[in-house]
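Quick notes on the structure that follows.
Protein chains: 4
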Amino acid sequence: MVGYAFMGKAHSVGWRMAHRAFDLPLRPEMRAIVGRDRAGVTAAADEFGWDSVETDWRTLLTRDDIDVVDICTPGDTHAEIAIAALDAGKHVLCEKPLANSVSEAEQMVAAAERAAARGVQAMCGFNYRRLPATALARQWIAEGRLGRIYHVRAQYLQDWIADPQSPMVWRLDKNRAGSGALGDIGAHIVDLTQYLMGEQLTGVSGITTTFVPTRPLADGSGTGQVTVDDAAVFVGRFPGGALASYEATRFAVGRKNSLRLEINGERGSLAFDLESLNDLWWYDNADPATEAGFRRILVTEPEHPYAGAWWPPGHGIGYEHSFVHEMADFVTGIATGRPASPTFAEALRVQQVLDAVERSAAAGSGWQQLS
Amino acid sequence: MVGYAFMGKAHSVGWRMAHRAFDLPLRPEMRAIVGRDRAGVTAAADEFGWDSVETDWRTLLTRDDIDVVDICTPGDTHAEIAIAALDAGKHVLCEKPLANSVSEAEQMVAAAERAAARGVQAMCGFNYRRLPATALARQWIAEGRLGRIYHVRAQYLQDWIADPQSPMVWRLDKNRAGSGALGDIGAHIVDLTQYLMGEQLTGVSGITTTFVPTRPLADGSGTGQVTVDDAAVFVGRFPGGALASYEATRFAVGRKNSLRLEINGERGSLAFDLESLNDLWWYDNADPATEAGFRRILVTEPEHPYAGAWWPPGHGIGYEHSFVHEMADFVTGIATGRPASPTFAEALRVQQVLDAVERSAAAGSGWQQLS
Amino acid sequence: MVGYAFMGKAHSVGWRMAHRAFDLPLRPEMRAIVGRDRAGVTAAADEFGWDSVETDWRTLLTRDDIDVVDICTPGDTHAEIAIAALDAGKHVLCEKPLANSVSEAEQMVAAAERAAARGVQAMCGFNYRRLPATALARQWIAEGRLGRIYHVRAQYLQDWIADPQSPMVWRLDKNRAGSGALGDIGAHIVDLTQYLMGEQLTGVSGITTTFVPTRPLADGSGTGQVTVDDAAVFVGRFPGGALASYEATRFAVGRKNSLRLEINGERGSLAFDLESLNDLWWYDNADPATEAGFRRILVTEPEHPYAGAWWPPGHGIGYEHSFVHEMADFVTGIATGRPASPTFAEALRVQQVLDAVERSAAAGSGWQQLS
Amino acid sequence: MVGYAFMGKAHSVGWRMAHRAFDLPLRPEMRAIVGRDRAGVTAAADEFGWDSVETDWRTLLTRDDIDVVDICTPGDTHAEIAIAALDAGKHVLCEKPLANSVSEAEQMVAAAERAAARGVQAMCGFNYRRLPATALARQWIAEGRLGRIYHVRAQYLQDWIADPQSPMVWRLDKNRAGSGALGDIGAHIVDLTQYLMGEQLTGVSGITTTFVPTRPLADGSGTGQVTVDDAAVFVGRFPGGALASYEATRFAVGRKNSLRLEINGERGSLAFDLESLNDLWWYDNADPATEAGFRRILVTEPEHPYAGAWWPPGHGIGYEHSFVHEMADFVTGIATGRPASPTFAEALRVQQVLDAVERSAAAGSGWQQLS
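Residue numbers (full-length UniProt numbering), protein chains in the order written: chain U, 1 to 371; chain V, 1 to 371; chain Y, 1 to 371; chain X, 1 to 371.
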């Protein structure tokens, strides 16, 4: 695994727990963790439970005991590491967003295709597909339970930099992060809605803004320029005619991690909020009017996706379980030769949508058609 | 009062109750109700409690016992009636939307200005400004309790024509209704957000759609063409930099009358849903992080706007109370000579925004600047 | 109508609106309001819309233009007024609780039986039976939709005297009010649960407490003794085997008017909270486990009890509508000769339950069997 | 660890994760798991990650590499194993309820006291004390933030045997389980409320019932007798004057794991529901009436109890994290010599309360004073 910050910690739980919760055909071994700072990565290896440390990710590619490279670094390094790893024959799990630009993402897709020809797999880590509630929603939509879909409404609301005095960090630097709220959390809702719909957006229009353009540097040495968006709002269309609306922001004061979805179809509607991740709300339009209402389904029944691996009904799971499921699916994909989604090609599509939003915002919010 | 359908009934409750709930300087008398069908309007007069009936609204203008004309008819007749009534020296309360087009609305504003010079008042019936929860929100925003505002998020979701077999009605005919979801319910959220912000949108961009273009005629004689939008999604900007997103639809299956608002400011956030109209949710960013959370305020305390006229804390009010408050404020405006808002000029501004959304939708969702 | 405080105001709305909202066989006329203080009652007559005033309720009994006496006074006067009115041939609507003691209530039942023989009706004003949500719940339970019922859980939580410095009022004086939270709001949940179940409690056990035994007098002249309970918690059994739990308190800080019900049956469960009075929550145990959940039914559909008289789906009603429904049902009962419930006999049963709770509390919480 | 069913699995996660999430002075090693069926326990060891298996728990007591015995077996075996283990010098973590009878529990307390004299620790596994939300509630009550407490309201609602055809299991056999809903889930709410209050109940009164007295045997060989309660409702008093009400049931259809608490104090109120375990609701009575309301605190801030070990704000945790926290606290207690609560003596107190409820139920719900 490359990287040992927040995502490194979450992925480590995923790797440690996957074969405990699920009966996997292969059992992951946590062989090596990589970081440039030897002291830091050594402490992380101890805390997270990795067998060895490396300070250069390239070393992993030469180690025979490494089959999988898991990339948890900032977006500007994804392409280089992923392409090299795939070309070296290592299966790759890459954190989202896939890359900081469409062109990098395209190169990664090409590498993934080369690798696939040799049986080497690549997957992008959109973990929110892998909650019981979202997976159940996907299943029901695919089965046609919502009928024709009219509306997709998606918001990812956070507030961690709403305070103008909150300091400059790498995620606010376009060179490192690629984009701001749009690429970091907007990517999640674009991926998740395309996944749920089983369709890809055909066009978008939107606006972005940077509310706080300069921020104090963390070391007190002055101020830094915020070069990414603080928030983006955009609309889109799906091939089947559904209207979609999106909002991604780090300035929704009071919303800590509120990824909200609502999908309205002719036969029913679904709603979800990540701040209550064990719940899925379902309105069944087949119910008589006098009995109909949005019902709160606790997605904790043994028959629900992933839930059977955990606890009895009503005993909820938490955020990191999405990573346990991700690792389980990825490992199963490797073992069976049937790669788990999202592939790099699917992740590229997300990148293209984000890119189209940025182009629309730069062009007076004009419509950007997606091929 | 002209018109005796749904709005006529709601306004009648308003007129009957206003001076019971509030200590008004003038006491409204319910003198006459107008409808073209004598039998129908006579029954309505009896049911709603009006003293007399007329079959031609022009007659009202000649009656000395009529001081106020309340217009509850479809939008295509608003301009003619309102202008004639104002020119005849009658105070006018006109249901929203003000008119079916900007040019009609402009003529109405001109008539209102002429009338104002003679002490005759005109007001537009955006009743949702007059719920305790929305009025409290306005008060707090005006006081600066939210600080700089980052986000405005407004949706008005209904589902009454989501069934493609639901028959053709006048609200789906552009000639009668002017527009569809956009003008009917989108008008409410545009007015409400501009009212809450104390600012007017500087530009918008959006898309609209008609999901079901033909519908059965109610009399079984064939099908009719739906000539209005079924749904609209749009984004906008406020002068202070806030990003706004809007959605108006009659196809949100399961949402019966869900006008939802959320406003995120630097110092706090507010949220509201018309389906729970006695509640206002407030996040106070001054609270320590460990204690902060969205709190559900029951807006039923005697100190809350309008609420003191009603019941003890926790005893909620209903939809029609918004009309009681509207009539009370309108009558107070007449009595005091200080007209209640929204004036026709404010309502024109709403019309201009809706018009800009339609132009944007027709022009590839390009940005439409509002002067 | 006798009395012009809070209940007098609420009942006045009921009398004014009942024939507007419903197509009644008789149209109520608001002839006279009674209060001992002429100035006060005159102002109330003007505000609430009554034609005349009286300062002695006995006068009503001699007036030929009075057919109905509506008693909204404190509980210690109910028996005298109701018995005299019934014996004088006036239909009587009496606010809950029926009386301050079982023996008074028994005399009232006897008077009601005498009156019934002459076609004169008597009803007790348990208004919360007459919300769309509670009426729907009753209908479903009567239809057997919940199957065998296991649990009844009822709480009526208020907080208006939780502050120990809140002054002494008549409701805290046993001589005037009969009892405290138990008789005032506990009566509502006992009546409502017996109504919903269609069964009467067979026994109870409970405890009561007075948290604040002395309070300042409102006139500043010293302190007064609180001689009623501040809170009561009790349990009971229904004939069909259901376990019931109850709590009535004025010390639940933050709960303004939270009458909460939950009923769990073999085939499904219902939940309700008066602070969101348009909602009924329903869990249908026939749903597959993967799809089951408590659903929020907006009880605003035209087919729902009472709701058809009001607004379109999703447009909620308020507290006072329960009185409009009460008056409509009472008037319909008189017109048709089929008295509306609750009769005085039913209200006596509530009194007997409250009395049994008090006896249990006085006797070490021992079980009190109800015949 | 002795036992490998549901609790064995949950405890295993706790042991595996505790030193990953927290910086512990000692690092647990998962040495041995015990079960009578060698094949079953071997599979569990592999799945849960234990180094070795034993088929007789007595063997653990002789192994020098075992410092801690974790007892996850049914309640009828707790006393024998715990006493032997403590006497053998092993620290003991025992699942709740402590025992099946007060006398067994008393013997366990005696053994724990003997052991304590030798520095050997004993703790009972009431894991719900160790959620961020409940731990925060405890902290605030201890700080006096609620002021004088008036009401404690606790319910533990499940529905897993509400179907009368659900088969007989050991938890319905008094000889194995000791009691039914009362001892299994009622124990949790008794412990939790006593913990939150920092006080012990001074008396109780209650009733219990068995709705379904016979059930089919799982092997199809006939029916078995249910010898425990299906539900219990009871009331109690705390020394400071608070009234408490309790309900424990397995027949609340639709409630899967709903442990609900509400505590009303003079200065504020707290509410919690285990089905939304990351939320704590707080009403601050110091807020002005116009601004006050129950606020939903997401107990996921780094300053919240336990939460700093996990994810950023808004990223919730799940059920099993309570066990991670339990193991972390237990290990810390051993390492520091300051035992974590609840001690066996505290757990005995819970047992005494449950016993008093049973005695009350058997004696016409008469009051049972607790010394």
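Positions of the beta carbon are idealized from the N, C-alpha and C atoms, including for glycine. Note that the structure is a prediction, hence the values are computed from the model and not measured.
Nearest-angstrom Cα distance between V:D173 and V:G180? 8 Å
Y:A252 versus X:I263 - alpha carbon distance: 8 Å
Strictly by DSSP, which residues pair up with U:W281? As computed with DSSP, U:W281 is found in a beta bridge with U:A271, U:R296.
Helix, strand or coil for X:N264 per DSSP? strand
Alpha carbon of V:Q351 to alpha carbon of V:E104, nearest angstrom: 10 Å
Y:W281 burial status per 10 Å Cβ neighbour count (16 or more: buried): Around the beta carbon of Y:W281, a 10 Å sphere encloses 16 or more other beta carbons of the protein chains shown; the residue is thus reported as buried.
Does the beta-carbon distance from V:V53 to V:T42 come in below 9 Å? Contact flag set, yes.
Any 3 or more C-beta pairs closer than 8 Å across the stretch 103 to 117 of chain U and the stretch 189 to 206 of chain U: Look at the beta carbons and you see the stretch 103 to 117 of chain U not touching the stretch 189 to 206 of chain U: under three pairs across the two are nearer than 8 Å.
Using 8 Å as the Cβ pair cut-off and three pairs as the minimum, do the stretch 164 to 178 of chain V and the stretch 217 to 228 of chain V touch? yes
Cβ neighbour criterion (16 or more within 10 Å) applied to X:F6: exposed
Under 9 Å between beta-carbons, which chain Y residues line up against V:E320? List them in chain order, please. W310, W311, H315, I317, G318
Tell me, please, whether the CB atom of X:H188 is closer than 9 Å to any CB atom in chain V? no
Contact set for U:P132: own chain, Cβ-Cβ below 6 Å, skip 5 residues either direction: Here the set comprises V299, H304, P305, Y306, A307.
According to the neighbour-count rule (16 or more other Cβ atoms, all chains shown, within 10 Å of its Cβ), is V:L217 buried or exposed? exposed
I think V:I297 touches Y:G318, with their Cβ atoms under 8 Å apart; what is that distance to the nearest whole Å? No, V:I297 and Y:G318 are not in contact; Cβ-Cβ is about 17 Å, not under 8 Å.
So, does the CB of X:E266 fall closer than 9 Å to a CB anywhere in chain Y? yes
Of all Cβ atoms in chain V, is any one closer than 9 Å to the Cβ of U:P239? no
CB-CB length for V:H19 against V:F323, believed under 8 Å: The pair is not a contact, with the Cβ atoms about 13 Å apart (cut-off 8 Å).
Which stretch, first to last residue, makes up the beta strand (DSSP E) that contains Y:D70? 68 to 71
Y:Q165 (DSSP reduced to helix, strand or coil): Here Y:Q165 sits in coil by DSSP.
Short Cβ contact (9 Å threshold) for X:V247 with X:L354: According to the sequence as given, residue 247 of chain X is Glu; it is not Val. For X:E247 and X:L354, no; Cβs fall outside 9 Å.
Please list, in chain order, the chain Y residues whose beta carbon lies closer than 7 Å to that of U:W15. Within 7 Å Cβ-Cβ: nothing; U:W15 doesn't reach chain Y, min ~29 Å.
Please determine, among Y:G254, Y:W311, Y:D287, the residue with the shortest C-alpha to C-alpha distance to X:P288. Y:G254
Express the C-alpha separation of X:K90 and X:L61 in angstroms, rounding to a whole number. Cα-Cα distance, rounded: 7 Å.
U:H91 - partner residues in DSSP beta bridges: Paired residue(s): U:V68.
Amino acids of chain U, ordered along the chain, whose beta-carbon sits closer than 7 Å to that of V:L243: I207, T209, A231, V233
I'd like to know whether the C-beta of V:T290 is nearer than 9 Å to at least one C-beta of chain X. yes
Sort out for me which residues DSSP pairs U:R153 with in a bridge. U:S245, U:E262
Name the DSSP beta bridge partners of U:V226, please? The partner list for U:V226 (beta bridge, DSSP) is empty, contrary to what the question assumes.
Going by C-alpha distance, which of X:V2, X:V68, X:R27 is nearest X:E40? It should be noted that the sequence gives Gly, not Glu, for residue 40 of chain X. Ranking the options by Cα distance to X:G40, first place goes to X:V2.
Residue interval of the beta strand (DSSP E) (run including Y:M123): Per DSSP, the continuous beta strand (DSSP E) segment holding Y:M123 begins and ends at 122 to 125.
Could you give the first and the last residue of the continuous alpha helix (DSSP H) run that contains V:L114? Note that residue 114 of chain V is Arg in the sequence shown, not Leu. Run containing V:R114: 102 to 117, per the alpha helix (DSSP H) assignment.
Any C-beta of chain V within less than 8 Å: which residues of the stretch 248 to 273 of chain Y qualify? Those residues of the stretch 248 to 273 of chain Y that come within reach of chain V (Cβ to Cβ, closer than 8 Å) are R255, K256, N257, S258.
Can you list the residues of chain Y that X:F330 reaches, using a CB-CB cut of under 8 Å? The premise fails here: X:F330 is roughly 35 Å from chain Y at the closest Cβ pair, so nothing lies under 8 Å.
Beta strand (DSSP E) containing U:F48: first to last residue? Premise fails: U:F48 lies in the alpha helix (DSSP H), 38 to 48, not in any beta strand (DSSP E).
Against chain V, with Cβ distances strictly below 9 Å, would Y:F48 count as a contact? yes
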